[in-house]
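Position 125 of the sequence shown, counting from 1, maps to 125 under UniProt numbering, and the rest follow consecutively.
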Amino acid sequence: MQNPATPAPAAAPSKGKSAAAQAAVAGQGQGSSSHHHSAGAGADASAPTLKRKRGVFQKDLQHMMYGFGDDPNPLPETVALVEDIVVEYVTDLVHKAQNVASKRGKLLTEDFLYLIRKDLRKLHRATELLSMNEELKQARKAYRLAKVTTIMVWWPSKHGYSGLLLTLTSRLYARLSESN
């Protein structure tokens, strides 16, 4: 039998759980010394939980963390915690956007912009990324339309035939082909 004054041995870290999740499990059953309670924890106990594949964003987050001044190889526990925070934030934002869009029945980009409208840094960055995305789409479209075709045009002249090498965009070539 264990002495009540002696703390229970720490559970071995389980594979696939974030440090925050492990700390939450370790903190259970130790009375009311925990100051960290999630909002609506009692209501969530009966709600079905969806399991997600962990580590999907690990490499991207490591690069982002390094870009913001972290170590090139941050601790796996840190990356897992950041991933949990990011996934929770994005999931919450998507649920809120779905609620905004429910009247219309269709989720739009504007629903997300509406939700972040009060955070000017996020709003400006989001509009900047959307603008860059549109520019890239237009550039790709222009590139596809600008594929060139080279044709040789011959015509009779005093000395036989004369020729001209023409380089046409695929759009112009298609129009010329249709007219003949």
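Using N, Cα and C, we set each Cβ at its ideal position, and we do this for glycine too.
Use the C-beta contact count for residue i: other C-beta atoms within 10 angstroms, 16 or more gives buried, fewer gives exposed.
{"i": "A41", "result": "Its pLDDT being 42, under 50, A41 is placed unreliably in this model, and the value from its coordinates should be taken loosely. Its Cβ having fewer than 16 others within 10 Å, A41 is exposed."}
{"i": "Q98", "result": "exposed"}
{"i": "V82", "result": "buried"}
Tell me residue i's beta-bridge partners as DSSP assigns them.
{"i": "G160", "result": "S157"}
Excluding five sequence neighbours on each side, which residues of the same chain lie with their C-beta closer than 8 angstroms to the C-beta of residue i?
{"i": "R52", "result": "V87"}
{"i": "L130", "result": "T109"}
Counting along the chain, where does the alpha helix (DSSP H) carrying residue i start and finish?
{"i": "T107", "result": "Here the sequence assigns Leu to residue 107, which means Thr is not the residue at that position. Run containing L107: none; DSSP gives neither H nor E here."}
{"i": "D84", "result": "76-101"}
Can you name, in chain order, every residue of its own chain whose Cβ lies under 7 angstroms from the Cβ of residue i, other than the five neighbours on each side?
{"i": "Q62", "result": "P74, V79"}
{"i": "K96", "result": "L115"}
{"i": "A101", "result": "L107, L108, D111"}
For residue i, which residues of its own chain have a beta-carbon under 6 angstroms away from its beta-carbon, when the five flanking residues on both sides are left out?
{"i": "M65", "result": "P74"}
{"i": "Q58", "result": "V79"}
Would you call the stretch 64-77 and the stretch 90-100 in contact, with 3 or more CB pairs under 8 angstroms?
Touching, no, given that fewer than three Cβ pairs across the two stretches are closer than 8 angstroms.
On the three-pair Cβ rule with 8 angstroms, is the stretch 79-89 touching the stretch 105-112?
These segments do not touch.
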